[in-house]
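Report on the structure given below.
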Amino acid sequence: MSAVRIGVVAVQGNVSEHVTAIERAATATGHEAEVIEIRDSGVVPDCDAIALPGGESTTISQLLAREGIDEELVAHAEADKPILATCAGLIVASRDANDDRVETLDILDIAVDRNAFGRQVDSFEAGLDVQGLDDPFHAVFIRAPAVADIGPDVDVLATWDDRPVAVREGPVLATAFHPELTDDHRIHRLALFDRLAAEA
Ligand code: GLN
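Here it is as structure tokens:
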């Protein structure tokens, strides 16, 4: 298959883990992939797909706006190019973070509660049935957001405790958990490479 360029937004958060997961998913799907870290504007437009990592959503959204990367990510989604947003990335991608300090991208029609699970327990792990994956996915949740409200065009791919924890709308797939923290790259494959293959 042809070479693809995947960008990992690297203003803050779990960057290297995503790079590794994407490289593994590329190998598994027979793609030649160039994985690049994005800290400045001007790079997103050259990427076929993007990962938007977890970290701290207030910081990430402010840095994206300051660097002018925010508008490029919106244009990327509008061009129907794949984006995987995880944890704080899900918050940043959402319509409404219920927190004025987070400037959301509004590329995913959900409202979220930041740290909703975290008020009860800081982090936890769970085996999830994820639509599109044959076997359960071992999900690591760290101060995870809860999806409070979903729009009509959003598909729920997985739930935990009756709450959506993996959702998809068009090119944007978002998880409340951290798929980059285990050796299992199937979420990266599903969100990025399977989507690219479906488009081709
Ligand atoms: N609780 C963090 C936030 O609101 C997200 C946590 C994470 O990405 N692990 O930004």
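Note that the working numbering has the sequence shown beginning at 949, numbered continuously upward. Each residue gets a CB set at the ideal place from its N, CA and C atoms; glycine is no exception.
Taking C-beta atoms under 8 Å as the contact rule, T1034 and P1127 qualify, at a distance of about 6 Å. Distances from the CB of P1127 to the heavy atoms of the ligand GLN are all 7 Å or more. Cβ-Cβ distances below 6 Å link S1005 to A1036, I1039, V1040 and V1050 in the same chain, with the five nearest sequence neighbours on each side left out; the list follows chain order.
Remark: the shortest separation between the CB of E1004 and any heavy atom of the ligand GLN falls under 7 Å.
For S964, the enclosing alpha helix (DSSP H) stretches over residues V963 to T977. Judged by DSSP secondary structure, V1040 falls within the alpha helix (DSSP H) whose first and last residues are A1036 to A1041.
A distance below 7 Å between beta-carbons, with the five flanking residues on each side excluded, links A1139 to the following residues of its chain, in chain order: P1030, L1032 and L1121.
Per the DSSP secondary-structure output, T1107 pairs in a beta bridge with P1112. When DSSP states are grouped into helix, strand and coil, A1096 belongs to the strand group. Distance from the CA atom of W1108 to the CA atom of F1125, rounded to whole angstroms, is 11 Å. Annotation for A976 indicates a beta carbon at 7 Å or more from all heavy atoms of the ligand GLN.
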